[in-house]
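Number of protein chains: 2
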Amino acid sequence: MHQSQLFTKTQKEAPKDEISVNAKLLTRGGFIDKLSAGIFSFLPLGLKVLRKIENIVREEMVAVDGQEILMPALNPKENWQKTGRWENFDALFKIKGADEKEYALGATHEEIVVPLAQKFILSYKDLPLYIFQIQTKFRNEIRAKSGLLRTREFSMKDLYSFHADEKDLDSYYEKITDAYFKIIERCGLDEQTYLTAASGGSFSKYSHEFQTITEGGEDKIHICQQCDLAINEEIKPENPTCPDCGSNDFKEVKAVEIANIFKLKTKYSEPFDLKFRDKDGQEKLVIMGCYGMGPARIMGAIAEVWHDEKGLIWPKEVAPFDIHLLALGEDEKIKKEAEALYEKLISRGYAVLYDDRDATAGKKFAEADLIGIPWRIVISQKSLDKSSMELKARNAQETYLLKLNDLKNLADFISSPAKD
Amino acid sequence: MHQSQLFTKTQKEAPKDEISVNAKLLTRGGFIDKLSAGIFSFLPLGLKVLRKIENIVREEMVAVDGQEILMPALNPKENWQKTGRWENFDALFKIKGADEKEYALGATHEEIVVPLAQKFILSYKDLPLYIFQIQTKFRNEIRAKSGLLRTREFSMKDLYSFHADEKDLDSYYEKITDAYFKIIERCGLDEQTYLTAASGGSFSKYSHEFQTITEGGEDKIHICQQCDLAINEEIKPENPTCPDCGSNDFKEVKAVEIANIFKLKTKYSEPFDLKFRDKDGQEKLVIMGCYGMGPARIMGAIAEVWHDEKGLIWPKEVAPFDIHLLALGEDEKIKKEAEALYEKLISRGYAVLYDDRDATAGKKFAEADLIGIPWRIVISQKSLDKSSMELKARNAQETYLLKLNDLKNLADFISSPAKD
């Protein structure tokens, strides 16, 4: 994309009312725009990042046999009454329709997916079943803050699993845990993210969170210094013992919950009477699990973790573009060579943001650092004197001179989508 | 995809409360599921169709320089008060947050996109600008009926254009009209869809609808028998004269509005004081247009238009799969050959639904006709006796015997994504 065509502009200063690092940097870079507290628009660069994260999540959910659907945000009151959550879910938006019918705005979708699955689950042959969606959720938060880390409207992936017995649930729970760590690794957060025992039933058996360490997080977790399992402060006893390795050595850190997994067992199949006929002809309640993950919150967490004083540093798989190409100087020859290189890179399958604007080198460098695309290529009079481009990784200091036609070598550096 | 893995099942009978053709067929085929009046879940087959339509729309919007963003559904009351539509928009869902703040659920996004654009439009150099989103809209309909043709929650593409003068708006309005007809053609609705003059300002100047003829539609349009321009019943004078060709010969038909385009001019830039600095240094109001299109409603319209007594007949570009492969008979050899062909087709880039279930030929044929994938391939003892597969188009009677390894010939028939 030609940057001259991109309608957003970067900002030198963050809006005064933003405190969190992710909101400041993502707003300054033109990724998001705050409409109201906890409510954001995703601008072209931000939407690209969000979609990339969502696609990584989608790929890994399909890899564990998830079937994608899309459920509505408007949820009839009766569904939520059936589980008692119309009154008890503490951040539910409630709304009245023209027909006096009342709705909840979906904050999670057990109340919808269970009666839906009921239409298709008859016997043990229909199990196990894994259904997921990537959909917009709403939470009536009293305080929305921390940029994308706590919002009133957000993209969420929710997968629901249906099983004939608990053993099958247990083994899928392990499988999803692995899939979640694959996603987290692809999003560049593996070193900062800890599997964390949390409330939701008896200790460490029924609920785990995936907590990413950041000062911007609202949670406190205690990380076992022996085995890396963490415990959420909420359920930590005075002198905790690690449920996995038995160690008593813990370290307290601030973190943000980017995903969670629950063994629901029969909690929701019971109120909806979701049963299946087993091999022996007996009717039994379906055993369930649910697995949430927030792509927009992950985007916020990445910004919290991956930045320096100059701006964002996107991990490769979630970056809005692979390469930021800068043409420095207004000489026609420079623009011509940069444009030619742009076309060549595009034809090789790279996603390139090409800064073709009339602006100073200082402004272009500063903006490239702020936006944080993994690789920067500069075409200038200096580089052209050597028939070269200048290559630099966002997260390193070194620059490399590569011949303009040496795309083979470039591919080795970038080891990105297209290789010769 | 192996059909044995697909969690949805087809239904012989439509739910009794469904009257419209699209709701009946899409529900029976397992494409959608009604949660409540005017509120549907999209199941795996249905989500595939919806996403294909959305991607066609996206491609054509990018082709006319649209930049994609994503705006929130939660819209602050103040934005809607500014244009007077908090009180006057007749199908607006209103909701109160925990902080006593009030929101509208976005039914359209002029109130959000104008103040957003204001942050980036400074001078004539920033114009023209085209911003679009594909996002979930909410309408507080008193009566929701007609399946996907009138719902309370739906996928919508809305593009907003910003111009320095009316001439520029006029020329983009023409460009979008052409882009819309490209989309409509790719969705298989070009022969049934008419550009229709509608209310929204002085006659034929300020608003046009794209109306698709179907008995299931709620609108009445009058089509000029000379030039094909239509007039919406709402604005038709007693004895209409075609504004394009002057003819008085009209034919009345029922239709559904799948898209509309408006010249907003300064209607929304004025309340938000959206101005730009022109070449001569003068501040002027930005001239606007808006262009809506409903992917989910298009899906419903396709089902209304493209079906027969046996089921759906998806146009190629929006079909959930390219090929429906049926293995008939439970002989291991048949299954082995079908599986091998499935793998080969997948590797050639075809999207294939492979009916690998143990079921009768009659059931498999009936379901294939109901689901409506454009091409059906049958592997049976009869076909294998001739080392062949049997090919049939959903919308034709002829069957063709093709050798199992003759994928070149198959590609010629299908002239679909992958050719040799």
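First to last, the sequence lines map onto chains A and B.
Position 418 of the first sequence, counting from 1, maps to 843 under this note's numbering, and the rest follow consecutively.
Position 141 of the second sequence, counting from 1, maps to 566 under this note's numbering, and the rest follow consecutively.
A virtual CB, placed ideally from N, CA and C, is assigned to each residue, including glycine.
Since the structure is predicted, the reported quantities are computational estimates derived from the model, not experimental observations.
Note down the Cα distance separating residue i from residue j, rounded to an integer number of angstroms.
| i | j | result |
| --- | --- | --- |
| residue 841(A) | residue 644(B) | In this prediction, residue 841(A) has a pLDDT of 49, which is less than 50 and means its spatial position is unreliable; what the coordinates show is noted afterwards. Approximately 52 Å between the Cα atoms of the pair. |
| residue 616(B) | residue 721(B) | 19 Å |
| residue 692(A) | residue 654(A) | 26 Å |
| residue 414(B) | residue 836(B) | Chain B is shown only over 426 to 845; residue 414(B) falls outside these bounds and no answer can be derived. |
| residue 587(A) | residue 609(A) | 24 Å |
| residue 694(A) | residue 519(A) | 24 Å |
| residue 845(B) | residue 516(A) | Legend: pLDDT at residue 845(B) = 34, less than 50; position of this residue unreliable, no value from coordinates given. |
| residue 476(A) | residue 697(A) | 34 Å |
| residue 538(A) | residue 544(B) | 40 Å |
| residue 839(B) | residue 805(B) | 21 Å |
| residue 563(A) | residue 577(A) | 6 Å |
| residue 701(B) | residue 665(B) | 41 Å |
| residue 751(B) | residue 729(B) | 26 Å |
| residue 435(A) | residue 760(A) | 22 Å |
| residue 594(B) | residue 823(A) | 48 Å |
| residue 765(A) | residue 756(A) | 15 Å |
With H, G and I counted as helix, E and B as strand and the rest as coil, what does DSSP make of residue i?
| i | result |
| --- | --- |
| residue 456(B) | coil |
| residue 553(B) | coil |
| residue 795(A) | helix |
| residue 666(B) | coil |
| residue 702(A) | strand |
| residue 512(B) | helix |
| residue 469(B) | helix |
| residue 628(A) | Unreliable placement is indicated for residue 628(A), whose pLDDT of 41 sits below 50; no coordinate value is reported for it. |
| residue 429(B) | helix |
| residue 535(A) | helix |
| residue 748(A) | strand |
| residue 496(B) | coil |
| residue 650(A) | coil |
Spatial neighbours of residue i within its chain, please: C-beta separation below 8 Å, excluding the five flanking residues on both sides.
| i | result |
| --- | --- |
| residue 660(B) | 622, 623, 624, 628 |
| residue 602(B) | 620, 633, 686 |
| residue 439(B) | 448, 449, 450, 452, 453 |
| residue 782(A) | 428, 429, 789 |
With a Cβ-Cβ cutoff of 9 Å, do residue i and residue j count as a contact?
| i | j | result |
| --- | --- | --- |
| residue 703(A) | residue 585(A) | no |
| residue 727(A) | residue 679(A) | no |
| residue 809(B) | residue 453(B) | no |
| residue 688(A) | residue 598(A) | yes |
| residue 671(B) | residue 573(B) | no |
| residue 536(B) | residue 690(B) | no |
| residue 589(B) | residue 540(B) | no |
| residue 780(A) | residue 428(A) | yes |
| residue 682(A) | residue 651(A) | no |
| residue 582(A) | residue 482(A) | yes |
| residue 529(A) | residue 513(A) | no |
By Cβ distance, which residues of its chain are closer than 7 Å to residue i, with the 5 residues on each side in sequence left out?
| i | result |
| --- | --- |
| residue 731(A) | 613, 737, 738, 739, 740 |
| residue 677(A) | 645, 647 |
| residue 812(A) | 828, 829 |
| residue 776(A) | 746, 747 |
| residue 456(B) | 468, 470, 471, 474 |
| residue 786(A) | 753 |
| residue 524(A) | none |
| residue 569(B) | 462, 463, 575, 576, 577 |
Cutting at 6 Å between CB atoms, please list the residues of its own chain near residue i, excluding the five before and the five after it.
| i | result |
| --- | --- |
| residue 485(A) | 604, 607, 608 |
| residue 640(B) | 679 |
| residue 749(B) | 778, 793, 798, 801 |
| residue 715(A) | 585, 687, 689 |
| residue 489(A) | 600, 604 |
| residue 658(A) | 645 |
So is the beta-carbon of residue i under 8 Å away from any non-hydrogen atom of the ligand MG?
| i | result |
| --- | --- |
| residue 457(A) | In the structure on display, the ligand MG does not appear, and there are no ligands present to speak of. |
Which chain D residues sit within Cβ distance under 8 Å of residue i?
| i | result |
| --- | --- |
| residue 522(A) | Going by chain labels, chain D is absent from the structure shown, which instead holds the protein chains A and B. |
Residues of the segment 491-509 of chain A with a CB closer than 7 Å to any CB of chain B: list them in chain order, please. 492, 493, 494, 495, 496, 497, 498, 499, 501
Using a Cβ-Cβ cut-off of less than 7 Å, give me the residues of the segment 438-451 of chain B that come near chain A, in sequence order. none
Taking only beta carbons into account, state which residues of the segment 524-542 of chain A come closer than 7 Å to chain B, listed in chain order. 524, 537, 541
May I ask you to list, following chain order, the residues of the segment 580-612 of chain B that have a beta carbon less than 7 Å from some beta carbon of chain A? none
Members of the segment 467-480 of chain A that neighbour chain B once the beta carbon cut-off is set at 7 Å: Cβ contacts with chain B: 467, 468, 469, 472.
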